[in-house]
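Report on the structure given below.
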Amino acid sequence: MVGNAGIETKLRDCSVRGERVALIAESGCGKSSLVSHVLSPTAERVAPMVVPVHGLGADAASAGSVADAIIQHLGRQVRSAHGTSGPATSAIGERREVVERQGRGRSAEVGPGWLKGRVARQVELQIGSSQHVPLDEKVESVFQVLQAFHADSLMPVFVFDDTDRWVGSSQSEIVAGFFGEAIRWLTEMPASVVVATHSRYLESMDAPTLLEYLDTRVEIPRVP
Numbered sequence: 003m004v005g006n007a008g009i010e011t012k013l014r015d016c017s018v019r020g021e022r023v024a025l026i027a028e029s030g031c032g033k034s035s036l037v038s039h040v041l042s043p044t045a046e047r048v049a050p051m052v053v054p055v056h057g058l059g060a061d062a063a064s065a066g067s068v069a070d071a072i073i074q075h076l077g078r079q080v081r082s083a084h085g086t087s088g089p090a091t092s093a094i095g096e097r098r099e100v101v102e103r104q105g106r107g108r109s110a111e112v113g114p115g116w117l118k119g120r121v122a123r124q125v126e127l128q129i130g131s132s133q134h135v136p137l138d139e140k141v142e143s144v145f146q147v148l149q150a151f152h153a154d155s156l157m158p159v160f161v162f163d164d165t166d167r168w169v170g171s172s173q174s175e176i177v178a179g180f181f182g183e184a185i186r187w188l189t190e191m192p193a194s195v196v197v198a199t200h201s202r203y204l205e206s207m208d209a210p211t212l213l214e215y216l217d218t219r220v221e222i223p224r225v226p
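My numbering puts the first residue of the sequence shown at 3, with every later residue one more than the last.
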């Protein structure tokens with residue numbers, strides 16, 4: 003759309019290298035389309051995980067809630083890949099109640115291929131016990147799942163593609179909290195992170211502070 007494939011190549015290469023990327027553009031410039039194209043479920047060498055965080059509301063500024071969203075997303079993907087349904091976790095503030103689901107439907111060939119076998123077993127192991135889980139244990143659970151990806155020679159990529167829905171002065175605290183403490187713990191994970199970043203955030207806030215935990219900028223040019 004902009005005359006070359008440089009942006010696609012840069013995002014793909016950064017993701018494979020495990021970098022933390024701010025994907026910067028205004029609304030309607032193609033952030034979601036670019037993510038869907040480069041980081042599709044069938045993309046080679048990566049295991050993309052598009053984690054919805056907009057629905058968390060103000061809790062998106064909480065590291066515990068973002069960890070919940072990641073774990074719940076992984077659980078949904080595994081249940082989809084194995085032909086099961088229904089919630090396996092529920093967020094409770096800064097802590098997560100994990101409820102073991104009894105019974106399993108016949109495996110169905112749906113969902114990303116990397117959610118089968120070793121990775122699926124590791125996800126189920128991490129979300130499949132009845133207990134209250136503090137943040138440090140959530141982080142450890144995510145770390146163990148990521149190790150399973152690496153054992154299959156895949157770079158896990160966390161994608162937060164709905165953050166530019168927070169545009170608006172009334173939600174500036176959510177933006178600051180999410181780009182700050184809420185994703186800080188991901189910098190210690192063996193994974194790439196891609197965050198769709200509305201260009202207005204960088205205009206209305208201190209850019210170096212906002213992008214402190216995102217070490218690579220990929221800017222999408224305005225479509226003619």
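Every residue, glycine too, gets a C-beta built ideally from N, C-alpha and C.
- Within the model, the alpha-carbon separation for SER17 versus LEU156 is close to 11 Å.
- In this structure, MET51 lies away from PHE180, with their beta-carbon atoms at least 7 Å apart.
- Taken atom to atom, the span from the alpha-carbon of SER201 to that of ARG14 is near 21 Å.
- For GLU221, DSSP records a beta bridge to ILE26.
- Rounded to whole angstroms, the Cβ separation of LEU25 and VAL169 is 15 Å, and the two are not in contact under 8 Å.
- By the Cβ neighbour-count rule, ALA184 is buried, with 16 or more other Cβ atoms within 10 Å of its own.
- In the displayed model, SER42 falls within coil according to three-state DSSP, outside both helix and strand.
- Note on geometry: alpha-carbon atoms of VAL225 and CYS31 lie some 6 Å from one another.
- Around ARG22, the same chain offers VAL195, LEU216 and ASP217 as residues with beta carbons nearer than 6 Å, after the five sequence neighbours per side are excluded.
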